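Sequential numbering from 2 applies to the sequence shown in my numbering. Every residue gets a Cβ at the ideal spot worked out from N, C-alpha and C, and that includes glycine. As the structure is a prediction and not an experimental result, all values here were calculated from the model.
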Amino acid sequence: MTALFVNQLTTLDFSYLDPARGVVGESWLVDVTLEGDLDEQGMVFDFGHVKKQIKASLDILADHRLLVPSNHSHVIISSDQSQLNVAMVTSTGDQIQCSAPAQAILLVNDTRITPEILTPILEAELLKEVPANVTGIKLDIYPEAIQGAFYHYSHGLKKHLGDCQRIAHGHRSPIHIYLDGNRDSDLEEEWAETWKDIYIATREDLLTEFDLNGINHLKFGYTSDQGYFELTIAEERCYLLDTDTTVELLAEHIADVHKNRFPASNIKVVAFEGFNKGSICEK
Numbered sequence: 002m003t004a005l006f007v008n009q010l011t012t013l014d015f016s017y018l019d020p021a022r023g024v025v026g027e028s029w030l031v032d033v034t035l036e037g038d039l040d041e042q043g044m045v046f047d048f049g050h051v052k053k054q055i056k057a058s059l060d061i062l063a064d065h066r067l068l069v070p071s072n073h074s075h076v077i078i079s080s081d082q083s084q085l086n087v088a089m090v091t092s093t094g095d096q097i098q099c100s101a102p103a104q105a106i107l108l109v110n111d112t113r114i115t116p117e118i119l120t121p122i123l124e125a126e127l128l129k130e131v132p133a134n135v136t137g138i139k140l141d142i143y144p145e146a147i148q149g150a151f152y153h154y155s156h157g158l159k160k161h162l163g164d165c166q167r168i169a170h171g172h173r174s175p176i177h178i179y180l181d182g183n184r185d186s187d188l189e190e191e192w193a194e195t196w197k198d199i200y201i202a203t204r205e206d207l208l209t210e211f212d213l214n215g216i217n218h219l220k221f222g223y224t225s226d227q228g229y230f231e232l233t234i235a236e237e238r239c240y241l242l243d244t245d246t247t248v249e250l251l252a253e254h255i256a257d258v259h260k261n262r263f264p265a266s267n268i269k270v271v272a273f274e275g276f277n278k279g280s281i282c283e284k
């Protein structure tokens, strides 16, 4: 058996539904190994094609989507033409409902979303797209090992022309905060707790709010390039901003909060968006 491998080929930034945690923003790294016979070039598969074709396929399959454990008893799924509708009752009795174009949601035939469950699904799909000499594809999907504070957040960017416009996709992101040049782990932990499994929303996208079983719910919605998106979620699972929710604006928001708390100090915020990318704001 001959194989080639590419470590950290891509990062899957997405959100998934969990009955206890709600809408969970996540970032998983992907290593890929391709097994097979050598072709006429003496290769199992061209590295250039791995980096383009395999990465592109992984991104289409699971990146910037809402992953739904469709076999869970608390999940209800329906469709209307090209629109997919999912709803889940959480363990605390609130509800999460999402309506979006079908390509924005991935239904996973299981009761949970984990790397171990997602891996064979993606492997099977990728194997359909490679030449016959490639006899096996193995993926290693895992979260980044983060030293220090991090949060899981979900959001949608209606003005974005790419897949970031999808209303429920997310990230698992570190946060670094410097106060007068010194990194402050206490402030970082505050944000990790504040944005623990949070949905960060733009206030102008709020359509309505209503009480359901004694719990206040917010409904957000917008139409963007890919179609109509709508999300209903309990208010306690949300963090509202008066701006859009790009990582640049998130970094600026955090910096503004701490500049108000420490007006005489220099504030520097390094807000990550998933793996090895993000924004820096200094005040």
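Can you give me the C-alpha to C-alpha distance between D185 and E191, rounded to a whole angstrom? 10 Å
Endpoints, the beta strand (DSSP E) within which K139 is located: 135-144
I'd like the ranges of any alpha helix (DSSP H) spanning at least 4 consecutive residues and lying wholly in the region 27-93. 56-63
Taking DSSP's pairing of strands, which residues face T195 in a bridge? In DSSP, T195 forms no bridge with anything.
Which of helix, strand or coil does DSSP assign to T120? helix
Nearest-angstrom beta carbon gap, P116 and I142 [assumed within contact, 8 Å]: Contact flag correct, Cβ pair sits at about 4 Å.
Starting from the C-beta of L303, find all residues in its chain whose C-beta is less than 6 Å away, skip the five residues before and the five after it, and write them out in chain order. The question about residue 303 has no answer here: the residues shown for the chain are numbered 2 through 284.
Reducing DSSP to helix, strand and coil, say where K278 ends up. Coil.
Buried versus exposed call for D212 [16 or more other C-beta atoms within 10 Å across all chains shown]: exposed
Along the beta strand (DSSP E) that carries K269, what are the first and last residues, could you check? 268-273
Can you tell me whether Q82 is buried or exposed? The criterion is at least 16 other CB atoms within 10 Å of its CB, across all chains shown. exposed
Alpha-carbon spacing of H161 relative to C282, whole angstroms: 21 Å
Cut-off 8 Å between Cβ atoms - residues of its own chain near E309, not counting five sequence neighbours on either side: Past the edges of the chain, shown from 2 to 284, lies residue 309, and the structure says nothing about it.
What number of angstroms, rounded off, separates the C-alpha of G23 from the C-alpha of N134? 43 Å
Classify V25 as helix, strand or coil using the three-state DSSP reduction. strand
If you reduce the DSSP assignment to three classes, tell me which class D206 lands in. helix
Please list, in chain order, all residues of the same chain as E253 whose beta carbon is under 6 Å from its beta carbon, the five residues on each side excluded. C282
Starting from V109, trace the beta strand (DSSP E) both ways and give me its first and last residue. 106-109
Secondary structure of R113, DSSP reduced to three states: coil
Top-ranked residue by Cα proximity to G182, from V270, N110, G149: V270
What did DSSP end up calling V7 once you bin it into helix, strand or coil? strand
Which of the three DSSP states is assigned to I255 in this structure? helix
Could you say which of D95, G94, I78 lies nearest to A88 if we only look at CA atoms? The residue from D95, G94, I78 with its alpha-carbon nearest to that of A88 is I78.
For E236, does the three-state DSSP call read helix, strand or coil? helix
C-alpha gap between L207 and K220, whole angstroms: Straight-line spacing of the CA atoms in L207 and K220 works out to 6 Å.
If you check the beta carbons only, do K53 and T11 fall under 8 Å apart? no
Can you tell me the Cα-Cα spacing of P102 and H218, whole angstroms? 22 Å
By the 10 Å Cβ neighbour count, where 16 or more other Cβ atoms means buried, how is A235 classified, buried or exposed? buried
When the Cα atoms are used, what is the spatial distance from D187 to Q84? 43 Å
Bridge partners of N183, per DSSP? L180
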